[in-house]
Structure formats: C-alpha cells, structure tokens
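Peer 1: Residue numbering for the sequence shown follows our numbering, starting at 164 and increasing by one per position.
Ideal placement from N, C-alpha and C gives every residue a C-beta, glycine not left out.
Have a look at this one.
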Amino acid sequence: MRIVVVGTGYVGLVSGTCFAEMGNRVTCVDVDEDKIEALKQKRVSIFEPSLESMVAKNVERKNLFFTTNLSEAIKDAEIVFIAVGTPMGEDGSADLQYVLSVASEIGQTMQRRLVVVDKSTVPVGTGDKVKATIQVELNKRGVDLQFDVVSNPEFLKEGAAVADFMKPDRVVIGAESDYAIKKMKELYAPFTMSHERFIAMDIRSAEMTKYAANAMLATKISFMNEIANICERVGADVNNVRVGIGSDNRIGYSFIYPGCGYGGSCFPKDVKALKRVAEQNGYHAQLITAVEEVNDRQKLLVAQKIVRKYGEDLKGKTFAIWGLSFKPQTDDMREAPAIYVIKELVKRGAKIQAYDPKATHEAKNCYLKEVEVDYKESKYEALKNADAMVLLTEWKEFRSPDFTEIAKLLKEKVIFDGRNQYTAYDLEEKGFEYYRIGK
Ligand SMILES: NC(=O)c1ccc[n+]([C@@H]2O[C@H](COP(=O)([O-])OP(=O)(O)OC[C@H]3O[C@@H](n4cnc5c(N)ncnc54)[C@H](O)[C@@H]3O)[C@@H](O)[C@H]2O)c1
Numbered sequence: 164m165r166i167v168v169v170g171t172g173y174v175g176l177v178s179g180t181c182f183a184e185m186g187n188r189v190t191c192v193d194v195d196e197d198k199i200e201a202l203k204q205k206r207v208s209i210f211e212p213s214l215e216s217m218v219a220k221n222v223e224r225k226n227l228f229f230t231t232n233l234s235e236a237i238k239d240a241e242i243v244f245i246a247v248g249t250p251m252g253e254d255g256s257a258d259l260q261y262v263l264s265v266a267s268e269i270g271q272t273m274q275r276r277l278v279v280v281d282k283s284t285v286p287v288g289t290g291d292k293v294k295a296t297i298q299v300e301l302n303k304r305g306v307d308l309q310f311d312v313v314s315n316p317e318f319l320k321e322g323a324a325v326a327d328f329m330k331p332d333r334v335v336i337g338a339e340s341d342y343a344i345k346k347m348k349e350l351y352a353p354f355t356m357s358h359e360r361f362i363a364m365d366i367r368s369a370e371m372t373k374y375a376a377n378a379m380l381a382t383k384i385s386f387m388n389e390i391a392n393i394c395e396r397v398g399a400d401v402n403n404v405r406v407g408i409g410s411d412n413r414i415g416y417s418f419i420y421p422g423c424g425y426g427g428s429c430f431p432k433d434v435k436a437l438k439r440v441a442e443q444n445g446y447h448a449q450l451i452t453a454v455e456e457v458n459d460r461q462k463l464l465v466a467q468k469i470v471r472k473y474g475e476d477l478k479g480k481t482f483a484i485w486g487l488s489f490k491p492q493t494d495d496m497r498e499a500p501a502i503y504v505i506k507e508l509v510k511r512g513a514k515i516q517a518y519d520p521k522a523t524h525e526a527k528n529c530y531l532k533e534v535e536v537d538y539k540e541s542k543y544e545a546l547k548n549a550d551a552m553v554l555l556t557e558w559k560e561f562r563s564p565d566f567t568e569i570a571k572l573l574k575e576k577v578i579f580d581g582r583n584q585y586t587a588y589d590l591e592e593k594g595f596e597y598y599r600i601g602k
C-alpha cells in the first residue's frame with residue numbers, strides 16, 4: 164500500500180518505519196527540515212531500540228522516504244496518518260492546532276480518495292473536527308473527493324516502541340465505513356498474523372479508548388504510590404505489599420511499582436486532557452483528579468526525603484543523580500521526575516552531578532537548560548565526592564552496581580532510591596543509609 168505518515172516523532176517515525184518493514188511504500192512528512200534531512204541520511208534523532216537500523220534498511224530498500232512536502236507526498240497515497248503532537252494547552256486540554264493544520268493541508272492538496280487516520284492522541288470529537296476541516300478545504304477548491312476519517316490510537320511504549328508496533332496487543336480502529344475498516348484490516352494484517360487483534364468500533368469510542376487506557380495505567384501507579392505513602396507511616400513495607408497484592412490475578416503485577424511518579428509525553432498530558440474534557444462536558448472527574456494530585460506530590464517526595472535528612476539549606480552538599488529520562492530505554496525527558504527533583508535540590512543550593520545513559524543531551528539542551536548540572540560520562544564518575552547517591556530512573560546498568568565502589572566514591576554512604584530498585588540488597592548491612600519510597 165502507499166502510505167503517508169505526517170509527523171516523524173516517536174509515534175510517526177516508528178509507525179512509518181514498521182509499515183515500510185512489511186513492504187508498504189511509506190513517505191514520512193515533517194515540518195522540521197533538519198529532522199527530515201537527517202532521516203534522509205538515515206540518522207534518527209531520538210533513541211529507540213532498533214529503530215535506526217530499521218530506518219536505514221528500509222531507506223536502502225526504497226520502501227521509506229522522507230520529505231517536508233505533504234502535497235507532493237499525498238498525490239498517490241491511499242492512506243494518510245496524522246501522527247503529530249497534541250501537547251497540553253494552557254487550560255490542560257489537548258492542543259489540536261497541529262492535527263487540524265495537517266487536516267487543512269490534506270483538504271487543500273488531496274487529489275484522490277483517501278483514508279485519513281488519526282494516530283495522535285486526541286479528545287473525543289476530534290474525528291468530526293478533522294472531517295469538517297478537510298471538507299471545508301475541499302469546498303473552497305470546489306472539488307468533490309471522497310474521504311474517510313479513522314481513529315487508530317497508538318499504544319506503543321517508548322523504549323520498546325518498535326517491538327510493540329510489530330506485535331501489538333490490539334489494533335483499535337474507529338471508523339464509519341466498511342471501506343475504511345477493510346483498508347485498515349489489510350494494512351494491519353501482517354502485524355496480527357497469529358491471532359485476531361483487530362478491534363473495530365465507532366470513532367468516538369476509539370478516541371476515548373486511548374485516554375481510558377492511559378488513565379487506567381496512571382491510576383495504578385498513583386494508587387500504589389498512595390499505598391506506599393501510607394506504608395511509610397504505619398511501618399509496613401510496600402514492597403511486600405506489592406508482591407502480596409500482585410499475586411491476585413485480578414490485580415496483577417504490572418504497573419504497581421511504587422516510585423517517584425509517572426512522567427513522559429503521554430500520561431501527564433492525557434490524564435489532564437481527560438479531566439478537562441470531562442469538565443467541559445459538565446462532569447467532575449474526581450478519581451482522575453486525585454490520580455494527578457498524588458502524582459504531583461510523588462514527584463517531590465525524593466527531594467523531601469533529602470531535605471528531611473540534610474535540612475532546607477543544601478549549600479555545600481553535592482548529589483549524584485543516576486538517571487534523568489522519565490523511564491529506562493528512552494532519551495525522552497518530558498515531565499521526568501528528575502527535572503522536579505533536581506530543581507528542588509538546586510533551589511536550596513545543592514550541587515548536582517548527573518549521569519544518564521541516553522538523556523544527557525535532552526537534559527542539557529532542553530529540560531534542564533537553565534539549571535546548573537555537572538553531567539558525567541559514567542555512573543561512577545557522577546558519585547565522586549558526592550554526599551549521597553539519588554536513583555531516579557531504573558536503567559538496567561543501575562540494577563546491580565558495585566556497592567563497594569559506590570561506598571568508596573561517595574563522601575558518605577547514603578542512597579536515596581526513587582525506584583525501589585535496591586530492595587533486594589541488604590544495604591544497611593553494607594553500612595549504607597538507605598532511603599526509599601514506602602518504607
Ligand atoms: N510518544 C509516545 O510514546 C506516544 C504513544 C502513544 C501515542 N502518542 C501520541 O502520538 C502523538 C505524537 O506523539 P510523539 O511523541 O510522536 O510526538 P513528537 O513530539 O515526538 O513528534 C511530533 C512530530 O510532529 C511534527 N509536526 C508538527 N506539526 C506538523 C505538521 N503540521 N506537519 C508535519 N509534521 C508536524 C513535529 O515536527 C514532530 O517531529 C501525540 O498525540 C501523542 O500523545 C505518543
């Protein structure tokens with residue numbers, strides 16, 4: 164099939180590349196000229212396991228093309244995906260300007276029947292807006308072209324995006340016509356060979372499914388963080404409680420790790436947008452509001468533990484931060500707890516020595532641009548002469564560190580663990596002061 168994907172971020176680039184991998188002819192479009200130039204040279208600016216090699220392979224096979232020219236790209240396309248950002252607007256709702264500007268451009272330039280698929284996460288009713296926007300442009304041109312609007316929310320996880328896309332748990336399609344459903348079934352058939360994972364529904368339900376999924380996952384995290392905070396006060400160990408409840412298969416083990424809060428490009432903005440959409444429709448989403456409040460508090464918890472130990476004035480103290488990205492296996496720092504923790508510490512006069520396997524560039528040039536941080540090349544280098552180590556992202560290389568080396572490099576043997584990563588080690592026996600969430 165001939166496919167166009169608009170937006171070459173985490174979702175657009177991964178989707179386009181995976182469609183190309185299955186033999187489709189895919190053109191990826193972005194307004195960012197530098198990004199497109201780099202992609203033409205087979206260079207990928209984001210870190211996502213196995214993505215760069217897959218891009219290179221499909222560019223060489225002539226299945227995958229990059230351009231900034233949407234009108235040229237859609238000339239002979241059958242399906243166009245909209246995968247641009249839907250950032251948080253000022254009032255917390257999803258900002259649809261990028262999605263609707265792509266819709267306008269499609270209406271201005273399309274030349275044949277198209278299936279227009281919204282892959283960006285968008286509030287219920289956006290499908291109607293996309294349809295109306297395209298139609299307005301077609302009317303202006305005085306042309307009568309058929310098109311379908313489809314909602315196909317994306318469920319990939321950053322850090323495992325290619326694997327998730329190639330083997331999805333489900334493919335949710337919201338559509339109004341049999342033609343559009345048939346087209347989408349054909350496109351996704353190679354990804355769902357072993358068993359049927361195609362779930363067709365109306366557009367509004369598909370749009371809502373994405374928000375409900377993210378809100379459910381965020382709820383699990385905030386719920387467990389709330390339990391952790393109660394455990395801390397009543398002398399229970401949340402790690403035991405986690406195992407105790409996870410063994411119930413109605414609850415399950417996934418997403419019930421206590422920690423320093425969820426971050427990333429999706430949960431924070433999608434939870435907020437869902438709350439806002441409910442408000443706009445006359446409903447106060449009480450649970451969703453609480454999920455967000457618990458998370459906002461949780462992001463500050465590690466800094467509060469540090470202040471509790473050292474006092475409000477942190478001048479003369481140095482902290483070694485392990486991990487900056489919002490989760491392992493990604494360089495994405497959007498809403499990462501590390502941003503909040505580091506700012507709280509620096510505000511009180513502390514010095515920061517930080518190490519992250521992938522996110523240093525993002526931190527330095529964007530998310531902590533205004534904050535003085537001494538970035539180090541290795542995790543052990545970050546520890547030299549620091550007063551304490553602070554773990555904020557559970558990268559694999561942090562899982563089994565050399566505690567003898569850590570003890571040697573730190574001024575004092577103190578660890579603040581924002582991810583409950585070292586619960587299996589008897590750190591007290593090794594002479595460490597060990598602070599973690601929920602104990
Ligand atoms: N990142 C994730 O893990 C994830 C997972 C599921 C769903 N989503 C959703 O997918 C959407 C995209 O997310 P992302 O993380 O890939 O975003 P991103 O910010 O990484 O990428 C968006 C891209 O769109 C481009 N763009 C903006 N306006 C454009 C236009 N008019 N024409 C062409 N390109 C344009 C930008 O230059 C950028 O490269 C969002 O709605 C997000 O909520 C993201």
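Give the secondary structure of Phe354 by DSSP, where H, G and I count as helix, E and B as strand, and everything else as coil.
Peer 2: Phe354 falls in the helix class under three-state DSSP.
Peer 1: Can you tell me which residues fall inside 6 Å of ligand 1, judged by beta-carbon distance to its nearest heavy atom, and keep chain order?
Peer 2: Going along the chain, the residues that qualify are Val169, Gly170, Thr171, Gly172, Tyr173, Val174, Gly175, Val192, Asp193, Val194, Asp195, Lys198, Ala246, Val247, Gly248, Thr249, Tyr261, Ser264, Val265, Ser283, Thr284, Glu317, Leu319, Glu321, Ser428 and Cys429.
Peer 1: For Thr611, I'd like the list of residues in its chain whose CB is within less than 7 Å of its CB, leaving aside the five on either flank, ordered along the chain.
Peer 2: Outside the displayed span of the chain (164 to 602) sits residue 611, for which this structure offers no information.
Peer 1: Three or more C-beta pairs closer than 8 Å, one from the stretch 544 to 564 and one from the stretch 483 to 490: is that the case here?
Peer 2: Contact holds: three or more Cβ-Cβ distances are below 8 Å.
Peer 1: Should Asp519 be flagged as near chain B, meaning a C-beta pair shorter than 9 Å?
Peer 2: Reference to chain B is not applicable here, since this structure consists of a single protein chain.
Peer 1: Residues bridged to Leu554 by DSSP?
Peer 2: Looking at the DSSP assignment, Leu554 forms a beta bridge with Trp485 and Asp580.
Peer 1: Here's the rule: buried if 16 or more other CB atoms are within 10 angstroms of the residue's CB, otherwise exposed. What is Ser410?
Peer 2: Ser410 comes out exposed.
Peer 1: Under the DSSP definition of a beta bridge, which residues are partnered with Cys668?
Peer 2: Only positions 164 to 602 of the chain appear in the structure, and residue 668 is not among them; the question remains open.
Peer 1: Starting from Phe210, trace the beta strand (DSSP E) in both directions and tell me its first and last residue.
Peer 2: Element bounds for Phe210: n/a, residue is neither H nor E.
Peer 1: Since Val262 and Thr272 are thought to touch, with beta carbons under 8 Å apart, how far apart are those beta carbons, to the nearest angstrom?
Peer 2: Actually they do not touch by this definition, with Cβ atoms about 16 Å apart.
Peer 1: For Ser563, count the other beta carbons within 10 Å of its own beta carbon; 16 or more makes it buried, fewer makes it exposed. Which is it?
Peer 2: Exposed, by the Cβ-count rule.
Peer 1: So, does the stretch 352 to 372 touch the stretch 385 to 398, judging by three or more C-beta pairs under 8 Å?
Peer 2: Taking 8 Å as the limit for Cβ pairs, the verdict is that the stretch 385 to 398 does not touch the stretch 352 to 372.
Peer 1: Please say whether Ala338 and Ala363 have beta carbons closer to each other than 9 Å?
Peer 2: Yes, they are a contact pair.
Peer 1: Based on the DSSP output, what are the partners of Val313 in its beta bridges?
Peer 2: In DSSP, Val313 forms a bridge with Val280.
Peer 1: Measuring CB to CB, does Met329 end up less than 9 Å from Val280?
Peer 2: No; because the gap between Cβ atoms is not below 9 Å, this pair is not in contact.
Peer 1: Take Ile344 as the anchor and find which of Asp311, Ile419, Glu533 and Tyr588 has the nearest alpha-carbon.
Peer 2: Of Asp311, Ile419, Glu533 and Tyr588, the residue nearest in Cα terms is Asp311.
Peer 1: Can the beta-carbon of Leu319 be found less than 9 Å from the beta-carbon of Tyr425?
Peer 2: In this structure, Tyr425 does not lie closer than 9 Å to Leu319 by Cβ.
Peer 1: In three-state DSSP terms, what is Glu575?
Peer 2: In this structure, Glu575 counts as coil in the three-state DSSP scheme.
Peer 1: Tell me which residues share the same chain as Lys514 and place their Cβ nearer than 6 Å to its Cβ, disregarding the 5 neighbours each side in the sequence.
Peer 2: Once the five neighbours on either side are set aside, the close Cβ partners of Lys514 are Thr481.
Peer 1: Look up Asn511 in the DSSP assignment and give the residues it is bridged to.
Peer 2: Checking the sequence shown, residue 511 turns out to be Arg, not Asn. Partner(s): none; Arg511 has no beta bridge.
Peer 1: Which same chain residues, not among the five before or five after Glu544, have their C-beta less than 6 Å away from its C-beta?
Peer 2: Hits under 6 Å: none found.
Peer 1: Are the CB atoms of Asn391 and Gly601 nearer to each other than 9 Å?
Peer 2: Looking at the sequence itself, residue 391 is Ala, so the reference to Asn does not match. Contact: yes.
Peer 1: Is Phe361 helix, strand or coil by DSSP?
Peer 2: DSSP places Phe361 in strand when its eight states are reduced to three.
Peer 1: In or out: Glu498 buried (at least 16 other Cβ within 10 Å) or exposed?
Peer 2: By the 10 Å Cβ count, Glu498 comes out buried.
Peer 1: DSSP has Ile336 in a bridge; who is on the other side?
Peer 2: The partner list for Ile336 (beta bridge, DSSP) reads Ala363.
Peer 1: Rounded to whole angstroms, what is the Cα-Cα separation between Ala448 and Gln298?
Peer 2: Roughly 34 Å separates the two Cα atoms.
Peer 1: Can you check the stretch 420 to 492 for any beta strand (DSSP E) of at least 3 residues that lies completely inside it and give the ranges in chain order?
Peer 2: DSSP runs (the beta strand (DSSP E)) wholly in the stretch 420 to 492: 481 to 485.
Peer 1: Using 10 angstroms around the beta-carbon of Asp476, count the other beta-carbons present and answer buried if the total reaches 16, otherwise exposed.
Peer 2: It is exposed - the Cβ of Asp476 has fewer than 16 other Cβ atoms within 10 Å.
Peer 1: May I ask you to list the residues that DSSP assigns as paired with Met387?
Peer 2: None, per the DSSP bridge assignment.
Peer 1: As a quick exercise: from Gln584, Ser208 and Ala501, pick the residue whose alpha carbon is nearest that of Asp197.
Peer 2: It is Ser208.
Peer 1: Check the C-beta distance from Val404 over to Val265 and give it rounded, since I have them as a contact under 8 Å.
Peer 2: Contact doesn't hold; Cβ gap of about 46 Å is too wide.
Peer 1: Are the beta-carbon atoms belonging to Leu437 and Tyr374 less than 9 Å from one another?
Peer 2: Against a cut-off of 9 Å, the Cβ pair of Tyr374 and Leu437 comes out as a contact.
Peer 1: Classify Gln274 as helix, strand or coil using the three-state DSSP reduction.
Peer 2: If DSSP states are grouped into helix, strand and coil, Gln274 belongs with coil.
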